[in-house]
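Down below is the structure, laid out as structure tokens.
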Amino acid sequence: MTDEHKDLIQREIDGLNSTGESTALEHLLSTNTAARQVFDELSIVHSAFESLPELDPPVTLRASIMDALPEMGYRASPEPTSDSIWSSIQQLILKPRPVSLAYAFSIGLLVSFMAWNIASSPTDQIDPALVGTIASNGSPVVYEQAISGDQDLGQIYATVRNGQIRVEVRWTDDSPASLRIAYNSDELYAIGVESVMGESSLETLSRSGSELLYDVAGASIDITSLVAVPGTAPDQVSVVDVWISTEGVPSIQHRIVVNGMN
Amino acid sequence: MTSTSDQHVIERVLQGDKRAFGLLLDRYEKVVYNAAYRVLGTEVDAQDVTQTVFLKVYENLSTYNPKYRFFSWMYRIAINESVNAKRRMRQTVELTESTATESNPAEDLLLNADREDQIGIALMELTPENRAILILKHYQEFSYNDIAYIMDLTEGKVKARLFSARQRLGKILLTKGLRAEL
Chain A
0 MTDEHKDLIQ
10 REIDGLNSTG
20 ESTALEHLLS
30 TNTAARQVFD
40 ELSIVHSAFE
50 SLPELDPPVT
60 LRASIMDALP
70 EMGYRASPEP
80 TSDSIWSSIQ
90 QLILKPRPVS
100 LAYAFSIGLL
110 VSFMAWNIAS
120 SPTDQIDPAL
130 VGTIASNGSP
140 VVYEQAISGD
150 QDLGQIYATV
160 RNGQIRVEVR
170 WTDDSPASLR
180 IAYNSDELYA
190 IGVESVMGES
200 SLETLSRSGS
210 ELLYDVAGAS
220 IDITSLVAVP
230 GTAPDQVSVV
240 DVWISTEGVP
250 SIQHRIVVNG
260 MN
Chain B
0 MTSTSDQHVI
10 ERVLQGDKRA
20 FGLLLDRYEK
30 VVYNAAYRVL
40 GTEVDAQDVT
50 QTVFLKVYEN
60 LSTYNPKYRF
70 FSWMYRIAIN
80 ESVNAKRRMR
90 QTVELTESTA
100 TESNPAEDLL
110 LNADREDQIG
120 IALMELTPEN
130 RAILILKHYQ
140 EFSYNDIAYI
150 MDLTEGKVKA
160 RLFSARQRLG
170 KILLTKGLRA
180 EL
């Protein structure tokens, strides 16, 4: 049997032969016993693989891989910095104590530094127009902003009520997107998606105590996420950051500052 | 319906978004695990190699060249890891088992196993490289060109090795009487 014959047989198994080549092979197989035997040997392999079942990996494997990912020094995302700063500010706001003049001065310096750090850290990429304050015990009670790149991509709405911050993202663009909703406080916790409307799919990448991360596939999806506060505090200040990114458009960050959680 | 491209996810990971790596895991964990299982033959080894593969993918993500498909690049790591792991195991077995057996253990197992198991056991009679090339072609339906990239071979060598691996496995399966049942 020649190399050409072998090639003809293998290409037939792989579905690469033209009609003419298949006809030529049929003729070869009917006249050449050795070629027939080789064809049978290769064909059974194809059938054998088709009958092999797919196995599911252990359910714990994904988590163990994610936990084992090393720190690679890939460029840090901005949110942890702002989170820790806001957390520190919150501590200062929520836990005032008698202070000496020097202590007060130190706090003043610290707050100034934090304010500068917020302004100069990666979060300074936030368009000031996209930072809004809402409160359950005052006005305004609704944060409403368009998500805009070069064109309108959707809207974000946020409300606070009964100890819950409700963030709604209406993604109207055709492009797939990723959506991250992060909360500044350990006191808050993400409940998850309250509702998803639309024909597109939503993939929850991760859901931790203070963060939700989704992938949005396709257009026209309306996602409502909830974050809850176990104990309501009238003077509590919370920050919700919403990042939207899609291909070809820089990440867009919205910040919702929430005063009071009643 | 579209989904976020691998490239977009990779960019997010490289920007420090470690959790986005979970999306790549969701997409490819199962195929890597299955490929590793078919090369290595046990679930425990497949689990270990799958974890190693994804850690290597993560560690080397900044070196990924987008001119290749991410799936092929990842598979290259997966096949290398699986084949190397099998080689290491074989060396360990050779060192620890000084007594030679008269019969071939794989053939003994083959006689008593179920049909699906028989195919898996027959696969284990091949070299890890031949198993890998069969998995790439029959399990993932990679093109000759993709396999050449993944296994670092010329396309001509891919065809020749694929042919001989198929023929070898086919002979084993036919010898064991699997023809009629398939």
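For the record, the sequence lines run as chains A and B. When we follow numbering that gives the first Met the number 0, the leftmost residue of the first sequence carries the number 0, and every step to the right adds one. When we follow numbering that gives the first Met the number 0, the leftmost residue of the second sequence carries the number 0, and every step to the right adds one. Even glycine gets a Cβ: it sits at the ideal position worked out from N, Cα and C.
* **Segment limits, beta strand (DSSP E) that includes V141(A)** => The sequence position of residue 141(A) within the first sequence is 142, counting from 1. Taken as a continuous stretch (DSSP letters only), the beta strand (DSSP E) holding V141(A) covers 141-147.
* What span of residues does the alpha helix (DSSP H) with E28(B) cover, start to end? -> Taking the first residue of the second sequence as 1, we reach residue 28(B) at position 29. Note, E28(B): alpha helix (DSSP H), 20-39.
* **Within-8 Å CB hit, V141(A) to chain B** => As a first step, residue 141(A) is located in the first sequence; it is residue number 142 there, counting from the start. Not an interface residue.
* Asked: Between L54(A) and E115(B), is the Cβ-Cβ spacing less than 8 Å?
  -> Numbered from 1 along the first sequence, position 55 holds the residue referred to as residue 54(A). Numbered from 1 along the second sequence, position 116 holds the residue referred to as residue 115(B). No; because the gap between Cβ atoms is not below 8 Å, this pair is not in contact.
* What's the gap between the Cα of V113(B) and the Cα of L122(B)? -> Here residue 113(B) is taken as the residue at index 114 of the second sequence, counted from 1. Here residue 122(B) is taken as the residue at index 123 of the second sequence, counted from 1. The question names Val, but residue 113(B) in the sequence shown is Asp. Answer to the nearest angstrom: the Cα atoms are 14 Å apart.
* To do: List the residues of chain B whose Cβ lies closer than 9 Å to the Cβ of S177(A), in chain order.
  => Sequence index remark: in the first sequence, residue 177(A) carries index 178 (1-based). In chain order: T3, H7, V8, R11, D16, A19, L22.
* **Between the CA atoms of V44(A) and A84(B) - distance to the nearest angstrom** => Numbered from 1 along the second sequence, position 85 holds the residue referred to as residue 84(B). Numbered from 1 along the first sequence, position 45 holds the residue referred to as residue 44(A). Roughly 24 Å between the two C-alpha positions.
* Asked: What's the C-alpha gap between G21(B) and E167(A)?
  -> Stepping through the second sequence from its first residue, residue 21(B) is reached at position 22. Stepping through the first sequence from its first residue, residue 167(A) is reached at position 168. Distance between the alpha carbons of G21(B) and E167(A) is about 24 Å.
* **Range of the contiguous alpha helix (DSSP H) that encloses H45(A)** => Stepping through the first sequence from its first residue, residue 45(A) is reached at position 46. Looking at the DSSP string, the run of the alpha helix (DSSP H) that includes H45(A) is 32-49.
* To do: Indicate whether at least one CB of chain B lies closer than 8 Å to the CB of A67(A).
  => Here the question's residue 67(A) lines up with position 68 in the first sequence. It does; some Cβ of chain B falls within 8 Å.
* Asked: Can you round the beta-carbon distance between L60(B) and V12(B) to whole angstroms, since I take them to be within the 8 Å contact cut?
  -> By 1-based counting over the second sequence, the position of residue 60(B) is 61. By 1-based counting over the second sequence, the position of residue 12(B) is 13. So it is a contact: roughly 6 Å between Cβ atoms.
* Asked: Just the Cα atoms here: how many angstroms apart are S147(A) and E3(A)?
  -> Along the first sequence, one-based indexing puts residue 147(A) at 148. Along the first sequence, one-based indexing puts residue 3(A) at 4. When rounded, the distance between both Cα atoms is 60 Å.
* Can you list the residues of chain B that R266(A) reaches, using a CB-CB cut of under 8 Å? -> Outside the displayed range of chain A (0 to 261) lies residue 266(A), so it cannot be described from this structure.
* Relative to chain B, which residues along the segment 29-46 of chain A have a C-beta separation below 8 Å, given in chain order? -> V37, D39, E40, L41, S42, I43, V44, H45, S46
* Is V238(A) near the ligand MG, judged by its Cβ being under 7 Å from some heavy atom? -> Judged by which ligands are present, the structure shown has none, so any question about the ligand MG falls away.
* If you run the structure through DSSP and keep just helix, strand and coil, what is S119(A)? -> The residue you call residue 119(A) lines up with position 120 of the first sequence. In this prediction, S119(A) scores a pLDDT of 34, lower than 50, which makes its location untrustworthy; the coordinate-derived value is nonetheless stated afterwards. It is helical.
* Asked: Pick from K66(B), L172(B), I134(B): whose alpha carbon is nearest that of A77(B)?
  -> Here residue 77(B) refers to the residue found at position 78 when the second sequence is read from its first residue. The residue with the shortest Cα to Cα distance from A77(B) is I134(B).
* Since I believe V257(A) is in contact with I133(A) (beta carbons under 8 Å), could you give me their beta-carbon distance rounded to a whole number of angstroms? => Position 134 of the first sequence, counting from 1, holds the residue named residue 133(A). Position 258 of the first sequence, counting from 1, holds the residue named residue 257(A). Yes, they are in contact, since the Cβ atoms of I133(A) and V257(A) sit about 6 Å apart, within 8 Å.
* Asked: Taking only beta-carbon atoms, is K115(B) less than 8 Å away from chain A?
  -> Numbered from its first residue, the second sequence carries residue 115(B) at position 116. Checking the sequence shown, residue 115(B) turns out to be Glu, not Lys. So, interface residue.
* Asked: From E143(A) to L152(A), what distance separates their C-alpha atoms?
  -> In the first sequence, residue 143(A) corresponds to position 144, counting from 1. In the first sequence, residue 152(A) corresponds to position 153, counting from 1. In a straight line, the C-alpha of E143(A) is about 14 Å away from that of L152(A).
* Verify whether the separation of the beta carbon atoms of K158(B) and Q36(A) is less than 8 Å. => Counted from its first residue, the second sequence places residue 158(B) at position 159. Counted from its first residue, the first sequence places residue 36(A) at position 37. Taking 8 Å as the Cβ cut-off, K158(B) and Q36(A) do not qualify as a contacting pair.
* Answer with yes or no whether the minimum CB distance from S17(A) to chain B is below 8 Å. => Taking the first sequence and counting its residues from 1, the one referred to as residue 17(A) is at position 18. So no, S17(A) is outside the interface.
* Under 9 Å between beta-carbons, which chain B residues line up against M0(A)? List them in chain order, please. => As a first step, residue 0(A) is located in the first sequence; it is residue number 1 there, counting from the start. Residues of chain B passing the Cβ test: none, with the nearest at roughly 11 Å.
* Where A35(B) falls, given that 16 or more other Cβ within 10 Å makes a residue buried -> Residue mapping note: residue 35(B) aligns to position 36 of the second sequence, counting from 1. Looking at its Cβ environment, which holds 16 or more other Cβ atoms inside 10 Å, A35(B) is buried.
* Beta-carbon neighbours of E53(A), restricted to chain B and to distances below 8 Å -> Position 54 of the first sequence holds residue 53(A). In chain order: K29, N33.
* With a cut-off of 8 Å, does the C-beta of Y265(A) fall near any C-beta of chain B? -> Residue 265(A) lies beyond the range of chain A shown here (0 to 261); nothing can be said about it.
* For R61(A), which of helix, strand or coil comes out of DSSP? -> Here the question's residue 61(A) lines up with position 62 in the first sequence. In this structure, R61(A) counts as helix in the three-state DSSP scheme.
* Hey, does K158(B) have any beta-carbon neighbour from chain A nearer than 8 Å? -> Here residue 158(B) corresponds to residue number 159 of the second sequence, with the count starting at 1. Yes, contact with chain A.
* Asked: How many angstroms separate the CA atom of K5(A) from the CA atom of A181(A)?
  -> Taking the first sequence and counting its residues from 1, the one referred to as residue 5(A) is at position 6. Taking the first sequence and counting its residues from 1, the one referred to as residue 181(A) is at position 182. Taking the straight line from one Cα to the other gives about 60 Å.
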